[in-house]
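Novice: Can you read through this structure? Questions will come right after.
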Amino acid sequence: MLNHIPTTILTGFLGSGKTTAINHLLSHKPEGERWGVIVNEFGRIGVDGSLAAAGRNATVREVPGGCLCCTAGIAFETALNRLVRDSRPQRILIEPTGIAHPLQVIRTLTEGFYRDLLDLRAVLCLVDARNLRSKRHMAHPAFIDQLRLADVLLQCKPDLSEEADREALFEFAAAAAPPKSVVREAPFGRVGLDLLELPRIPGRQGEHPEAHRHTRGCAPAPALEAGPGLPGGWLLLEGGSEGLHTAGWRIGRDFLFEAGALGELFGSLRVRRVKGVMQCREGWRAFNGVSGELAITDVPPSACSRLEIIDDSRIAAAELERRLKAAMARC
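Note that the working numbering has the sequence shown beginning at 284, numbered continuously upward.
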């Protein structure tokens with residue numbers, strides 16, 4: 284029977300590069316070790332699981348359509364139990380959604396049945412230091428408590444930060460009690476394996492404990508099978524909570540896009556978050572956009588194209604779908 288499986292929670296606000304960091308860790312895991320990954324997404328489509336699965340070095344389970352802090356007693360525990368039962372992992376990585384409050388997830392993993400099954404190690408948090416000088420971010424309970432409850436703070440975009448941003452991060456860390464175990468840079472998701480061995484420091488307190496008790500709008504969505512059965516080849520799902528709105532698509536493999544046209548489209552969107560795995564004429568591409576910054580990378584083929592948009596206001600899905608179809612490759 285498995286006991287005390289080393290487990291790490293990797294938190295970070297929307298667009299901080301959590302999935303990139305997990306892929307980096309997977310690419311450096313010791314040969315022969317069995318790792319398991321649970322990926323939680325705020326949207327209902329499920330894009331990050333495809334991106335993490337691209338590492339091909341672990342079993343990946345998705346929990347779409349809500350925050351782990353809300354679905355921890357339902358879909359999260361189901362996914363975790365199946366992961367342990369079917370894959371018998373020697374290490375587990377957990378990626379909550381970018382607006383998740385970590386407190387309930389930590390409690391779930393350290394109490395009851397999981398107390399002996401898992402060994403929860405240091406909680407890692409990826410943070411764009413520029414956001415510590417953003418009123419919008421500093422007013423968001425999830426952003427603040429991700430920082431407060433983390434044992435390790437990792438500056439995810441040091442190349443884009445100014446000295447004042449770095450100073451703000453270190454000042455935040457210096458004021459923490461208990462002290463942070465590590466504060467370091469992690470450009471392009473380069474999280475060291477050594478951080479997975481650090482112990483968790485008990486006693487950290489969130490600033491917004493009431494935020495961890497919300498439930499409305501965060502019920503998990505049922506898993507969706509992608510493929511030829513998609514109606515018309517296109518499936519649109521909309522949702523949202525916590526003051527954010529989502530629109531997501533799964534698009535059958537009969538539809539091919541132009542990578543350049545998609546890049547122009549996604550780069551023009553003024554939304555909180557864009558992420559997609561799309562089948563293009565040039566090959567499969569991953570699109571990752573946050574606050575006007577867009578990255579495009581090659582990825583292995585997927586079962587279908589997937590796209591998720593997150594914003595503060597309701598997304599004009601019909602107009603966006605029209606623009607998506609205009610970006611399709613012409614035979």
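Glycine included, each C-beta is placed from N, C-alpha and C at the ideal position.
#1: Among K463, L518, I593, which has the Cα closest to the Cα of R533?
#2: Using the Cα positions of L436 and A456, report the straight-line distance between them to the nearest angstrom.
#3: Give the secondary structure of D428 by DSSP, where H, G and I count as helix, E and B as strand, and everything else as coil.
#4: Is the separation between the beta-carbon of Q387 and that of P289 shorter than 9 Å?
#5: Keeping to the same chain, check which residues put their C-beta closer than 6 Å to that of E480; ignore five residues upstream and five downstream.
#6: Going by beta carbon distance, what residues of the same chain come within less than 7 Å of D434, once the five residues before and after it are set aside?
#7: Restricting to runs no shorter than 4 residues, where is the alpha helix (DSSP H) found entirely within the stretch 416-492?
#8: Out of curiosity, what's the CA-to-CA distance linking G510 and E591?
#9: Among L403, G559, C439, L452, whose alpha-carbon lies nearest the alpha-carbon of G475?
#10: Tell me, to the nearest whole angstrom, how far the beta carbon of L430 is from that of V410; I am working on the premise that it is less than 8 Å.
#11: Going by DSSP, name the residue or residues bridged to I579.
#12: Below 9 Å between beta carbons: does that hold for L366 and L308?
#13: What residue does the alpha helix (DSSP H) around V367 start on, and which one ends it?
#14: Per DSSP, R344 is paired with what?
#15: Where P385 and P424 are concerned, what is the direct C-alpha to C-alpha distance, given to the nearest angstrom?
#16: Here's the rule I'm using: 16 or more other beta-carbon atoms within 10 Å means buried, otherwise exposed. How should G472 be labelled?
#17: Assign I357 to one of two classes, buried (16 or more other C-beta atoms within 10 Å of its C-beta) or exposed (fewer than that).
#18: Could you say which of L520, S551, P583 lies nearest to R683 if we only look at CA atoms?
#19: Between R533 and chain D, is the shortest Cβ-Cβ distance under 9 Å, so that the two count as touching?
#20: Anyone know if the C-beta pair for R606 and G531 falls short of 9 Å?
#21: Can you tell me the Cα-Cα spacing of V573 and D595, whole angstroms?
#22: Is G395 helix, strand or coil by DSSP?
#23: Can you tell me whether DSSP reads G559 as helix, strand or coil?
#24: Helix, strand or coil: which one does DSSP assign to P385?
#25: Classify F570: buried if its beta carbon has 16 or more other beta carbons within 10 angstroms, exposed otherwise.
#26: Tell me which same chain residues have a C-beta within less than 6 Å of the C-beta of G298, skipping the five on either side of it?
#27: If you reduce the DSSP assignment to three classes, tell me which class A586 lands in.
#28: Would the beta-carbon of R536 fall within 9 Å of that of A609?
#29: Put A599 into one of helix, strand or coil per three-state DSSP.
#30: Determine the contact status of V582 and R568, defining contact as a CB-CB distance below 9 Å.
Specialist: By the coordinates alone:
#1: Along the sequence shown, read from residue 1 onward, the residue named residue 533 stands at position 250. Of K463, L518, I593, the residue nearest in Cα terms is L518.
#2: Within the sequence shown, the letter at position 153 stands for residue 436. Within the sequence shown, the letter at position 173 stands for residue 456. If I take the Cα positions, the gap works out to 8 Å.
#3: Numbered from its first residue, the sequence shown carries residue 428 at position 145. In the structure shown, D428 sits in a helix (DSSP, three-state: H, G or I).
#4: Locating residue 387 in the sequence shown gives position 104, where the first residue counts as 1. Locating residue 289 in the sequence shown gives position 6, where the first residue counts as 1. In terms of Cβ geometry, Q387 and P289 do not form a close pair [threshold 9 Å].
#5: Residue numbering aside, residue 480 sits at position 197 when the sequence shown is read from its first letter. The same chain holds no residue with a CB closer than 6 Å to that of E480 once the five nearest residues on each side in sequence are set aside.
#6: In the sequence shown, the residue the question calls residue 434 occupies position 151. The residues are A405, V406, K463, S464, L481, R483, I484.
#7: Counting only runs of 4 or more, we get 418-421, 424-432, 446-457.
#8: If you number the sequence shown from 1, residue 510 lands on position 227. If you number the sequence shown from 1, residue 591 lands on position 308. With a pLDDT of only 42 at G510, under the threshold of 50, the placement of this residue in the model should not be trusted; the figure read from the coordinates follows. So the two alpha carbons sit approximately 17 Å from each other.
#9: For the purposes of this step, residue 475 is taken as the residue at position 192 of the sequence shown. Out of L403, G559, C439, L452, C439 has the C-alpha closest to the C-alpha of G475.
#10: Residue 430 sits at position 147 when you count from the first residue of the sequence shown. Residue 410 sits at position 127 when you count from the first residue of the sequence shown. About 6 Å separates the two Cβ atoms, so the contact holds.
#11: Translated into the one-based positions of the sequence shown, residue 579 becomes position 296. Among the bridge pairs identified by DSSP, I579 is matched with F570.
#12: As a position in the sequence shown, residue 366 is number 83, starting the count at 1. As a position in the sequence shown, residue 308 is number 25, starting the count at 1. No, they are not a contact pair.
#13: Position 84 of the sequence shown, counting from 1, holds the residue named residue 367. Note, V367: alpha helix (DSSP H), 360-370.
#14: The residue given as residue 344 occupies position 61 in the sequence shown. Paired residue(s): I321.
#15: Counting from 1 along the sequence shown, the entry for residue 385 is found at position 102. Counting from 1 along the sequence shown, the entry for residue 424 is found at position 141. Computed Cα separation, rounded: 11 Å.
#16: Here the question's residue 472 lines up with position 189 in the sequence shown. Buried, by the Cβ-count rule.
#17: Numbered from its first residue, the sequence shown carries residue 357 at position 74. Burial state of I357 is exposed, judged by a 10 Å Cβ sphere holding fewer than 16 other Cβ atoms.
#18: A question about residue 683 goes unanswered here, because the residues of the chain that appear run from 284 up to 614.
#19: The structure shown has no chain D; it contains just one protein chain.
#20: Along the sequence shown, one-based indexing puts residue 606 at 323. Along the sequence shown, one-based indexing puts residue 531 at 248. For the 9 Å CB-CB criterion, R606 and G531 do not form a contact.
#21: Within the sequence shown, the letter at position 290 stands for residue 573. Within the sequence shown, the letter at position 312 stands for residue 595. Going from the Cα of V573 to the Cα of D595 covers about 13 Å.
#22: Taking the sequence shown and counting its residues from 1, the one referred to as residue 395 is at position 112. In the structure shown, G395 sits in coil (DSSP, three-state: anything other than H, G, I, E or B).
#23: In the sequence shown, the residue the question calls residue 559 occupies position 276. Residue state, collapsed to three classes: strand.
#24: The count along the sequence shown starts at 1 and reaches residue 385 at position 102. Residue state, collapsed to three classes: helix.
#25: One-based indexing of the sequence shown puts residue 570 at position 287. It is buried - the Cβ of F570 has at least 16 other Cβ atoms within 10 Å.
#26: For this step, residue 298 is matched to residue 15 along the sequence shown. Once the five neighbours on either side are set aside, the close Cβ partners of G298 are R556, V573.
#27: On the sequence shown, residue 586 is found 303 positions in, with the first residue counted as 1. It is coil, neither helix nor strand.
#28: One-based indexing of the sequence shown puts residue 536 at position 253. One-based indexing of the sequence shown puts residue 609 at position 326. For R536 and A609, no; Cβs fall outside 9 Å.
#29: For the purposes of this step, residue 599 is taken as the residue at position 316 of the sequence shown. In the structure shown, A599 sits in coil (DSSP, three-state: anything other than H, G, I, E or B).
#30: Indexing the sequence shown from 1 puts residue 582 at position 299. Indexing the sequence shown from 1 puts residue 568 at position 285. Yes.
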